[in-house]
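Reading the sequence shown from the start, the letters are residues 57 to 285 in the numbering used here. C-beta: ideal position from N, C-alpha, C; glycine also. Following: one structure in structure tokens, then a few remarks.
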Amino acid sequence: MSSRHYRLLALGLLAFVPSMAAQAADPPREQARNAVRVLDEMINDAPDKSIPTDLLKNARAIAVLPDMVKGGFVFSGAKGEGLISIKSPDGTWSNPNFISMAGAGVGFQAGIQSTDVILVFRTDRGVQSIIDGKFTLGANASAAAGPVGRSATAATDGQLKAEIYTYSRAKGLFAGVALDGTHFSIDDDSNKEIYGPGITPRRIFEGGVTNVPSEVVNFRDKLEEYTQK
Numbered sequence: 057m058s059s060r061h062y063r064l065l066a067l068g069l070l071a072f073v074p075s076m077a078a079q080a081a082d083p084p085r086e087q088a089r090n091a092v093r094v095l096d097e098m099i100n101d102a103p104d105k106s107i108p109t110d111l112l113k114n115a116r117a118i119a120v121l122p123d124m125v126k127g128g129f130v131f132s133g134a135k136g137e138g139l140i141s142i143k144s145p146d147g148t149w150s151n152p153n154f155i156s157m158a159g160a161g162v163g164f165q166a167g168i169q170s171t172d173v174i175l176v177f178r179t180d181r182g183v184q185s186i187i188d189g190k191f192t193l194g195a196n197a198s199a200a201a202g203p204v205g206r207s208a209t210a211a212t213d214g215q216l217k218a219e220i221y222t223y224s225r226a227k228g229l230f231a232g233v234a235l236d237g238t239h240f241s242i243d244d245d246s247n248k249e250i251y252g253p254g255i256t257p258r259r260i261f262e263g264g265v266t267n268v269p270s271e272v273v274n275f276r277d278k279l280e281e282y283t284q285k
């Protein structure tokens, strides 16, 4: 197949995947409930193959994207929505901002697939980028597949040099997710629905919101529980 045909396939897929994700996207409260489920499942189902507790304790931010939609046939794309909270100066977790992501890659994959994703931020750089508008994984912050187990000492890059570690839980045929080059941005519409109009991402992170729905509070509380172990 010629390079022109590959480009046409890629363009067709990238037009198709966002429309699938838009149809399947959950409202913000449901996203928050699903994010709590993902944390429970990824951390509790297999303790020896979960996110290391020491990595969680030292995280500067954690993002959870439930049911990220992937599609692929030679070329692959992905789109998803979720929540991100940052660790406040006093060690507690902030109210979350809602985020969206979209990316494209190359791989020999077929079909549409849903994958749960967790990002563990080890520095503030990526968080600051997303507050300022958006960031690209691997460009604005270095990323690597996250180590699993009870401790992070057996990390995939040995010296824990990556700024962000990525975790996925595939529910179908795909055995993971490639996130380098993925774009993340604040989901202003979901933030508005949950927190009201005119609320900036920084204000949400800094605690300047009231009447936070219980589903969103549960996400923040679950992070507190799992990062204090």
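- Closest by C-alpha distance to isoleucine 99, out of Glu137, Asp82, Lys143, Pro203, is Pro203.
- In the DSSP assignment, lysine 248 falls within the alpha helix (DSSP H) that extends over 244 to 251.
- Collapsing the DSSP output to three states places lysine 278 in a helix.
- For alanine 199, the number of other beta carbons within 10 angstroms of its own is at least 16, and it is reported as buried.
- Here the stretch 103 to 123 makes contact with the stretch 133 to 142; the two share three or more CB pairs at distances below 8 angstroms.
- The C-beta distance from arginine 259 to arginine 178 rounds to 25 angstroms, too long to meet the 8 angstroms contact threshold.
- The beta carbons of serine 241 and glycine 189 sit about 7 angstroms from each other, so the pair counts as a contact at 8 angstroms.
- With a threshold of 16 other beta carbon atoms within 10 Å, threonine 222 meets it and is buried.
- Check the Cα spacing between tyrosine 282 and each of Leu95, Met157, Ser185, Asp82: the tightest is with Leu95.
- Within 10 angstroms of the beta-carbon of lysine 217 lie fewer than 16 other beta-carbons, which makes it exposed.
- The criterion of a C-beta distance shorter than 7 angstroms is not satisfied by glutamate 280 and arginine 85.
- Excluding the 5 residues flanking it on each side, leucine 235 has same chain C-beta neighbours closer than 7 angstroms at Gly159, Leu193, Ala199, Thr222, in chain order.
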